[in-house]
Amino acid sequence: MTMELKAPDADKTAATESAIDWPTSIDDSAWHFDPEYLHLYDTSAWHAMSESERRTYSRHEAASGYRWGIWIENVLVRCLMDQLYELPAQDPAHKFLYLETAEECRHSAMFAEFIKRAGTPDYTPTGRIRFMGMLLEWTGIRIVHYLSILAGEEIADAYDRANSRSPRTHPVSKRMATLHVIDEAAHMAFARETIAKIWTTQDPVRRWLTRWYLPIVVYTLIDGIVHPSVYETLRIRDGYRLAWDNAHRRERFIRDLKPYTEFLIQIGVITPFYRRVWRAAGLLA
Ligand SMILES: [Fe+2]
Ligand SMILES: [Fe+2]
């Protein structure tokens, strides 16, 4: 019954919506994402920008990042609903999964509030990441669902932790990050517990499939978070290439994925052979 004890608190999540003092519009008085979490950080395009241009750019990256967050949570909720469709009401995970779904819906509504007030375009995810979402749903492999969900949550959590502790972050982004960290801690603990338990029950074919499929999913998640339209909107010449090739960005993702990749090594999803695949994809040092 540990799962029930860790279940999200409905009162706490109900308070989430009213916990943010939304301004009519989001100004650029502070950073919307911690500068180190901006994909152009420390590139030639970054050095060519003034401080105020960088803060404006941070608003667009934040809107794009939150849009990615909405997409992730939509895929996640679809995967959870798929499970709940068959899950007996007496199952210890039943209540948790419904409350997790409710929390994800609130998070997405919160992200959308930011985007509406930020005055940026809606940075709808690109075709590649949308295709991956469809594929995850079609294939319907539970272990891959949980592993993909956890990857998305780990990436978002690293952003949230940086934004919540940075003294430079805008109060709105800081508050959003703090609220998200609190809810996601329970989701990630549940996902880890479930993955560790169900991985041991997978047959060799499913393990083989998961080991090849997962690095592609995680690579696509990272590919999707660097949105080319941000640079087109702001007319940053060669911005997408600079962002994608940025060594700082690559190293940051490897560092932020470390708790996840270490967990996968520990439970045997990433074996010494598959480490090479993860390294080749730029997901592991
Ligand atoms: Fe969330
Ligand atoms: Fe979550």
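For any residue, its number in my numbering is found by taking its place in the sequence shown, counting from 1, and adding 946. Using N, Cα and C, we set each Cβ at its ideal position, and we do this for glycine too.
Alpha carbons only, please: which of the options is nearest the one belonging to residue i?
i       : options                               : result
His1006 : Arg1181, Trp1224 and Ile1211          : Arg1181
Pro1205 : Tyr1165, Arg1121 and Arg1138          : Arg1138
His993  : Glu1197, Arg1221, Gly1185 and His1116 : Gly1185
Leu1234 : Ala991, Ala976 and Phe979             : Any answer about residue 1234 is impossible in this case: the structure gives the chain only from 947 up to 1231.
Ser1094 : Phe1057, Ile1016 and Cys1025          : Cys1025
Phe1199 : Pro969, His985, Asp974 and Asp1149    : His985
Ala1055 : Pro1067, Ile1016 and Arg1107          : Ile1016
Thr1179 : Asp1068, Arg1107 and Ile1144          : Asp1068
Asp1106 : Phe979, Met1134, Glu1059 and Arg1183  : Phe979
Cys1051 : Arg1111, Phe1077, Thr1146 and Val1023 : Val1023
Ala932  : Tyr1220, Ile1171 and Asp1202          : Absent from the model: residue 932. The displayed extent of the chain is 947 to 1231, so no value can be given.
Arg1201 : Ala1058, Ile1101, Trp1154 and Pro1071 : Ile1101
Ser1010 : Ala1058, Ser975 and Asp973            : Ala1058
Thr1146 : Ile1213, Phe1219, His1053 and Asp1037 : Ile1213
Whole angstroms is fine: what's the gap from residue i's alpha carbon to residue j's?
i       : j       : result
His1045 : Leu1125 : Per the sequence presented here, residue 1045 reads as Leu, with His not at that position. Cα-Cα distance, rounded: 15 Å.
His1194 : Tyr987  : 7 Å
Ile1075 : Ala965  : 31 Å
Glu1032 : Val1090 : 18 Å
Met1027 : Ile1018 : 14 Å
Arg1225 : Asp1103 : 22 Å
Thr1238 : Glu1130 : Because residue 1238 is not part of the residues shown, which for the chain are 947 to 1231, the question remains open.
Thr1140 : Ala1039 : 10 Å
Leu1030 : Thr1156 : 22 Å
Val1215 : Thr970  : 46 Å
Ala1048 : Ala1231 : 36 Å
Tyr1165 : Arg1196 : 11 Å
Thr989  : Glu997  : 14 Å
Would you check if the distance between the CB atom of residue i and the CB atom of residue j is smaller than 8 Å?
i       : j       : result
Gly1073 : Val1021 : no
Pro1161 : Leu1229 : yes
Phe1136 : Phe1042 : yes
Ala1123 : Asn1109 : yes
Leu1167 : Gly1065 : no
Met995  : Tyr983  : no
Trp977  : His1173 : no
Phe1060 : Val1127 : no
Arg1152 : Ile1211 : no
Asp974  : Arg1013 : no
Ile972  : Arg1114 : no
Taking 7 Å as the cut-off, is the CB of residue i close to at least one heavy atom of ligand 3?
i       : result
Glu1059 : With respect to ligand 3, the structure shown offers nothing to examine, as its ligands consist of ligand 1 and ligand 2.
- In chain order, which continuous runs of the alpha helix (DSSP H) of length 4 or greater are located wholly inside the segment 968-1006? 990-994
- Query: Using the beta carbon as the reference atom, which residues fall closer than 6 Å to any heavy atom of ligand 2, ordered along the chain?
  - Reply: Glu1050, Glu1099, Glu1130 and His1133
- Item | Runs of alpha helix (DSSP H) wholly within the segment 1149-1220 (minimum 4 residues, chain order) | DSSP runs (the alpha helix (DSSP H)) wholly in the segment 1149-1220: 1150-1171, 1174-1179, 1185-1191 and 1193-1213.
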